[in-house]
Structures are given as structure tokens and as C-alpha cells.
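The structure appears below as C-alpha cells.
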Amino acid sequence: MIAEIDYVDDKGNGQAVLWRESTGSNPKKLRLTIPRTIPGESVEVVLKHPIMRKKKAMPEEILVASPERTDASCPHYNLCGGCMWQHWSYEGQLKQKTNHVKEALRSVGLNSDLVRDTIGMDNPWHYRNKMEFTFSPEGDIGLHEQGNYLKIIPLETCLIAGHNIVDAMLEVSEWVKEFGLKGYNKDIHEGLLRNLMVRESFATGEIMLALFATEAPDGELKVSSENLIERITEKFPNVKSLLWLVNTDWADRTQSEENHVLAGRDFIYDEMAGYRYRLWFDTFFQTNPVQAEKLVELALEMGQPKADEKVIDLFCGVGTFSLPFAARVKELAGIEIVESSIESAKRNAVDNDLHNTTFLAKDARLGLAEIHESFGFADLLLIDPPRFGAGGKVMRRIGRSQPKRIVYVSCKPDTFAVDIAELQQFGYSLQKVQPVDLFPQTVHVECVALLTLDA
42 MIAEIDYVDD
52 KGNGQAVLWR
62 ESTGSNPKKL
72 RLTIPRTIPG
82 ESVEVVLKHP
92 IMRKKKAMPE
102 EILVASPERT
112 DASCPHYNLC
122 GGCMWQHWSY
132 EGQLKQKTNH
142 VKEALRSVGL
152 NSDLVRDTIG
162 MDNPWHYRNK
172 MEFTFSPEGD
182 IGLHEQGNYL
192 KIIPLETCLI
202 AGHNIVDAML
212 EVSEWVKEFG
222 LKGYNKDIHE
232 GLLRNLMVRE
242 SFATGEIMLA
252 LFATEAPDGE
262 LKVSSENLIE
272 RITEKFPNVK
282 SLLWLVNTDW
292 ADRTQSEENH
302 VLAGRDFIYD
312 EMAGYRYRLW
322 FDTFFQTNPV
332 QAEKLVELAL
342 EMGQPKADEK
352 VIDLFCGVGT
362 FSLPFAARVK
372 ELAGIEIVES
382 SIESAKRNAV
392 DNDLHNTTFL
402 AKDARLGLAE
412 IHESFGFADL
422 LLIDPPRFGA
432 GGKVMRRIGR
442 SQPKRIVYVS
452 CKPDTFAVDI
462 AELQQFGYSL
472 QKVQPVDLFP
482 QTVHVECVAL
492 LTLDA
């Protein structure tokens, strides 16, 4: 069966619509999801269950290839779910990301002509400063198979991770094999090793290596854990934080009930836009530091913070945007629901000799109400919500508070468009939108936008 690829969905998969004859007079519509394809391509697919209305199929053969098609570089590309667009030229990826942002604005009735071309990377490889790997029950270390969360693909390399991160991962893999350690089985909730997190500061060179396991590194594990300390500290002198974190929870996420510092400290230092940050294993920090600095530069350029102004930073995290803005204004208040992030933001402000900041650990909507009472209203509001957006209630509260300028930093165009559409009823106009590619070889795109209050 031949399928014509019309567009890609929000997960980066090609989409095609087929019509098949039925027993009635009207043909049946069949929507196909076809991974690793590009709009405009013709591909041959085989349907095992053609009666289904929605179906996923792998391309058997590319009959008419897009001029933007290229050969994937990674040996794990056909199985790994880490980055799905290696078959698409980088120029083509950037065009698609720009179109995605434009379409998101059009879908809510906003002017898509305000969207600039996506800012890409000079080198769209080895850009990640943090990776979370998973152990298979057999002890292999890798990433999840595309479309199969229970299957782990053992890795020989990773082309989007920093070189030192890959080397450290491979060293841990050798250690696991040498001692015959087993991974965690999610089906029966048994086994030792669950995850390996490696984060590296490209600015300071410091590395954190955190091993998540179901048991503490003592007793029968004492010899193997001491060997891990020896080989890591000898081969990777930049590892300033070597952690063994105990996680017995059934939930499949990198959390900890007991923290064991095997070597160094429990955090590393990183820098961004000239400011220094302390990062713990559970600290959220931008994973592409090169492009993240461009986000900060764009936010400052669009926001034009002034020395006599007050700024509110909503969803402030550990202060990634707060600190550069605080250095330029009279006062800044940051709001974030995660208490550990707020404690880090306070510490980071002090570390950078900034004493005009207030940080509040609170839900965004309730935090805004509290900050307005104690801090006052903002001249400039910065918002950087998670992927699901800020939501209508938060956006309407922002609109009613009437800041003169709003800078919105988004990691998902669709929720961004819905959020800013809420502000039109309060007299705000969208001025510009700049997409930035923080995740080359994937569907994700960030953007920075400026809204101003109509005179």
C-alpha cells in the first residue's frame, strides 16, 4: 500500500490519510502514523490489520524521498526513541519547527507573520549537558525503545549527549558487567540498578554522576561500590559529585529516599549568561546551555528591563532568568511551586551578590496573589511555564494585573498559543515570537515572545 505523507504530528511522526473500499457505498478513511518520514514523501507500507481506523506502520520502502532526507548518523537510530529526526536535514528540521509555531498561532487566530525563523545551532550534536539512562533487567544500560517503554536499547554511543557523559556512561556499563549486577525489572519490581544520571557543566567542566538503586551501597555491595569510586575518580577527575541514590518506589522516575555521597559533594557548579548556579541531582536546569543562553539574551532584549522597574518571574525555577533580570532592575520576585528550587534560587542569588530578590514557593496563581500584596505589581512579567502551559486562570490573573510588558518563554508552541490568546481580552498585543532550537534531531522547539499593553 502506498501512503503520501501530508504532515508530522506533535510527536514528530509522519501522517497520511488512506481511503479503502468498504461494503457500503462510501469508502472508509484510514489515518496512518508513519515514523521516520517527511511531508511530501511517498512510502510503501504493509498493514497487518487494515480494519482499524487509526494505525501505526513502519515504512517498508521510501518510493519518493524528500530532498530534505538524509542518512541517520547514530547506529541506534532504528530502535532508540531518544531522537527521531536524524533522517531529516537540519535545515528541514528548523523549517518544520518554524511552521509548527506559526500553525499554533494560526489555530487560535493570532498573526503567524510575527514568527521569525527558528534559531538553530552551528553544531546540532553532543549538545545535551544531562542524560538519564535506564538499566534493563539484565544490567544493560541505555534508552527506551521507540514506542516500547518496557524495552531498553543498550547503547554504544549517544550523538546528542556530551562526549564526557557518553564516556562516563560506558565506564559504568563496564563496571556493571564486571560485577555481574542486575538491573531493575519493572514488571515484577525486583532488581538493583534503576537509572544513571550524568550531568556536566560545559562552563565549569564539573560532572555529576548519580546512580539510582534499590539498595544502599553497603553490605554485599560495599566492594563493588568502592570499586566504582576508585575507577570513576581515577578516570574522570572532573566528577565532583558521585552519588548513590536509593529509590524503592514503584513509580518509574529518578527520585531518592536516601542520598549517599560516594565522592565529592552533593552538587556541582554551573554557569549561564555570566551567573553561577548550584545544581543538585533533582535541579531543573536547561539541558542545552548554548541555546539556553540565547533564550536569556532574547528575553532581556525583548523585555528591556529598566533600573527603576519591578519584575515578577513566574515559574522561576532556580533563577535561570531571575538573576540576569534582577541585576538590571530595582526589585524582582520569583514564584515557583517546587520548594527545593526556591531554596536554590535564594542561594544562587546570594552566591551572585544579588540582594534585591524575593522568592516564594507557591502555586503560580496563588503565588501571584500573595506577591501582589507583599511586593506590588510588576512593570514587567516573565513567564516560563512547563510543557502543559500556565493555564487560563493564571493567564487571566496576569492580564488583570496589567504589567506593561510580558515576556513568555515557551517549551511547547501549542500551549503557548492558547495561553497568550487569553491576554487579548485584557488589551495585550503580541509583538514578536522568536523560536529557538534547544533539541536538534527531535520535534521539540522553544520560543520567546513579547506582549505589550495597548496604550
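Each residue of the sequence shown is one higher than the last, beginning at 42 in my numbering. For each residue, glycine too, the CB sits at the ideal point set by N, CA and C.
Do you know offhand how far G408's Cα is from I376's? Rounded to whole angstroms, G408 and I376 show a C-alpha spacing of 6 Å.
Inspect the CB distances between the segment 454 to 470 and the segment 425 to 442 and report whether three or more fall short of 8 Å. The way I'd put it, the segment 454 to 470 does touch the segment 425 to 442; three or more beta-carbon pairs between them come closer than 8 Å.
Counting along the chain, where does the beta strand (DSSP E) carrying L146 start and finish? From DSSP, L146 is part of no beta strand (DSSP E) but of the alpha helix (DSSP H) over 131 to 148.
With which residues is R31 paired in a DSSP beta bridge? The structure shown does not extend to residue 31, since the chain is modelled only from 42 to 496, so the question has no answer here.
Span separating the alpha-carbon of G53 from that of T78: Their backbone Cα atoms lie some 9 Å apart in a straight line.
Count the C-beta pairs between the segment 293 to 302 and the segment 334 to 349 that are closer than 8 Å, then say yes if the count reaches three, no if not. Counting Cβ pairs under 8 Å, fewer than three are found: no touch.
Hey, how far is the Cα of E219 from the Cα of F176? Rounded to whole angstroms, E219 to F176 spans 15 Å at the Cα level.
Which whole-angstrom value describes the C-beta separation of F322 and L269, a residue pair presumed to lie in contact below a C-beta threshold of 8 Å? Contact check for F322 and L269: beta-carbon distance about 16 Å, past the 8 Å limit, so the pair fails to qualify.
Tell me which same chain residues have a C-beta within less than 7 Å of the C-beta of A202, skipping the five on either side of it? The beta carbon of A202 sits closer than 7 Å to those of H167, R169, M172, all from its chain and outside the five residues before and after it, given in chain order.
Suppose contacts are defined by Cβ-Cβ distances below 8 Å. Is I309 in contact with S242 by that definition? Cβ atoms of I309 and S242: closer than 8 Å.
I need the straight-line Cα distance from D425 to A333, nearest angstrom please. A333 has its alpha-carbon roughly 12 Å from the corresponding atom of D425.
Counting beta carbon pairs with one atom in the segment 219 to 233 and one in the segment 251 to 270, are three or more of them shorter than 8 Å? Output reads yes: the segment 219 to 233 touches the segment 251 to 270.
Are the beta-carbon atoms of L320 and R235 separated by less than 8 Å? Not in contact: L320 and R235 (Cβ atoms no closer than 8 Å).
Between which two residues does the alpha helix (DSSP H) harbouring D208 extend? Per DSSP, D208 belongs to the alpha helix (DSSP H) from 204 to 220.
Taking all protein chains shown into account, do 16 or more other C-beta atoms lie within 10 angstroms of the C-beta of Q475, making it buried, or fewer, making it exposed? If you draw a 10 Å sphere on the C-beta of Q475, you find 16 or more other C-beta atoms in it, and that means buried.
Only counting runs of 4 or more residues, tell me where the alpha helix (DSSP H) segments fall wholly within the segment 301 to 330, in order along the chain. Listed in chain order, nothing qualifies, since the segment 301 to 330 has no complete alpha helix (DSSP H) run of 4 or more residues.
Take every Cβ of the segment 105 to 112, pair it with every Cβ of the segment 127 to 135, and state whether three or more of those distances are shorter than 8 Å. Note that the segment 105 to 112 touches the segment 127 to 135; at least 3 beta-carbon pairs, one per stretch, sit closer than 8 Å.
Three-state class that DSSP yields for D478 in the structure shown: The answer is coil: DSSP assigns D478 none of H, G, I, E or B.
Report back the beta-carbon spacing between K351 and K371 to the nearest angstrom; my notes put them in contact at under 8 Å. Yes, K351 and K371 are in contact; Cβ-Cβ is about 6 Å, under 8 Å.
So what does T74 bridge to, in DSSP terms? Q56, K97.
So, are the CB atoms of P481 and A145 less than 8 Å apart? Against a cut-off of 8 Å, the Cβ pair of A145 and P481 comes out as no contact.
CB of G86 within 8 Å of CB of A44, strictly: According to the sequence shown, residue 86 is Val rather than Gly. Contact check for V86 against A44 passes: the beta carbons are separated by less than 8 Å.
Could you name the residues that DSSP lists as bridge partners for I273? According to DSSP, I273 bridges with nothing at all.
Backbone secondary structure at H413 - three-state DSSP: The answer is helix: DSSP assigns H413 an H, G or I state.
Roughly how many angstroms separate the alpha carbons of K89 and M42, rounded to a whole number? Whole-angstrom Cα-Cα distance: 11 Å.
If contacts are defined as beta-carbon pairs under 8 Å, then K403 and D420 qualify, I think. What distance do you get, rounded to the angstrom? The Cβ separation is near 21 Å, so there is no contact.
Fully enclosed by the segment 148 to 187, which beta strand (DSSP E) runs are 3 residues long or longer? Within the segment 148 to 187, the complete beta strand (DSSP E) runs of at least 3 residues fall at 171 to 176, 182 to 186.
Only counting the same chain, and skipping five residues up and downstream in sequence, which positions put a Cβ closer than 8 Å to that of P116? Only E197, T198 meet the Cβ criterion.
Just verifying my parser: in three-state terms, what is the DSSP assignment at I439? Secondary structure at I439: helix, using DSSP grouped into helix, strand and coil.
Boundaries (first-last residue) of the alpha helix (DSSP H) holding T398: DSSP places T398 outside any alpha helix (DSSP H); the residue lies instead in the beta strand (DSSP E), whose first and last residues are 398 to 402.
Expressed to the nearest angstrom, what Euclidean distance is found between the alpha-carbon atoms of F467 and E82? Their Cα atoms are separated by approximately 44 Å.
Leaving aside the five residues before and after Y48 along the sequence, list all residues of the same chain whose C-beta is less than 6 Å from its C-beta, in chain order. Q56, P80, listed in sequence order.
Restricting to Cα atoms, I'd like to know which of Y118, I75, C124, I193 is closest to I103. For the residues Y118, I75, C124, I193, the minimum Cα distance to I103 belongs to I75.
Y4 to S265, Cα distance in whole Å? For the chain, the structure presents residues 42 to 496; residue 4 sits outside this window and is missing.
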